[in-house]
Structure formats: structure tokens, C-alpha cells
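Mapping of the sequence shown onto UniProt numbering: position 18 corresponds to residue 18, and the numbering continues sequentially without gaps. Think of the CB as a built atom: it goes at the ideal place given N, C-alpha and C, for glycine as much as any other residue. Since the model is a prediction, treat every value here as computed from it, not as a measurement.
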Amino acid sequence: MTPPQQPSSAELGAPTQRIIEAVAAHEGVDVTAIEPPAYEPLYTVIDPEALDALFRTSSPHSETTARVILEYAGYEIVVHADGHVEVSELSTTETRHTDRRQKRNTPTAD
Numbered sequence: 001m002t003p004p005q006q007p008s009s010a011e012l013g014a015p016t017q018r019i020i021e022a023v024a025a026h027e028g029v030d031v032t033a034i035e036p037p038a039y040e041p042l043y044t045v046i047d048p049e050a051l052d053a054l055f056r057t058s059s060p061h062s063e064t065t066a067r068v069i070l071e072y073a074g075y076e077i078v079v080h081a082d083g084h085v086e087v088s089e090l091s092t093t094e095t096r097h098t099d100r101r102q103k104r105n106t107p108t109a110d
């Protein structure tokens, strides 16, 4: 008996789409709800075209262990070379560090 094959990254869809789908699932909302103004655009934290291109050539049978880790919408997102996306909530400490970084980088009106 042959073990079931894992879907290829192409069959799973673009990583950027899988990120949005995974966040929507964690939030308990429809994927169409993951848009401004409720959510910042994904392109504010990563170049979507570059991310999709990076994993477009990956094969589930390759020995590649590449992964991309990013923060988006209060979650840590991990995109694996095999096309799977993991979503986990940021810890309170990580969220505070992110908030501080954002405040330092936010221009203020004098």
C-alpha cells in the first residue's frame, strides 16, 4: 500500500493566500474579512510577490527545510517549504516589543 502523498505547494495555493486563510480561521471570520480597515494589508509586513516566488519552486519531495517567519495581525506566521502554514498567537512580551517598535517608527506631528 502506498502512503498518501502530501499535496504540493502549488496544489495548496500561494503562501500569501494560505496566510490569509489561516488567520481568518484563527479569528473565526470569513477570509474576505481579512482586509483593511480591520486588518492591515499583508504587504505592510512582507513582499507578497517575493514570498510566493520563494515557495513557487519548492517541491514536497525536496530536502529543503526553508521557512519564513513573520508577524501579522497579532500572530506569528511560519511558512514552510512544503507549503504548510502555521499560525500561533504572539506572546504578551512579543506583542509589547512589537508595539514599542511600531511606536518608535511612527512619525509624530509636532
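Coarse secondary structure for residue i, derived from DSSP in three states
| i | result |
| --- | --- |
| E89 | strand |
| P41 | coil |
| P36 | coil |
Residue interval of the beta strand (DSSP E) (run including residue i)
| i | result |
| --- | --- |
| V78 | Y75 to H80 |
Cross-strand partners of residue i (DSSP beta bridge)
| i | result |
| --- | --- |
| V68 | V79 |
Extent of the continuous alpha helix (DSSP H) to which residue i belongs
| i | result |
| --- | --- |
| H26 | P15 to E27 |
| D52 | P48 to R56 |
Distance CB(residue i)-CB(residue j) smaller than 8 Å
| i | j | result |
| --- | --- | --- |
| V85 | A22 | yes |
| K69 | L42 | According to the sequence shown, residue 69 is Ile rather than Lys. No; because the gap between Cβ atoms is not below 8 Å, this pair is not in contact. |
| F55 | G74 | no |
| E71 | S88 | no |
Exposure of residue i, with buried meaning 16 or more beta-carbon neighbours within 10 Å
| i | result |
| --- | --- |
| A50 | exposed |
| P15 | buried |
| V29 | exposed |
| D47 | exposed |
| A38 | exposed |
| A81 | buried |
| T95 | Only weak support exists for where T95 lies, its pLDDT of 47 falling under 50; the value from the coordinates is given anyway. Classification of T95: exposed, given that the 10 Å Cβ count is below 16. |
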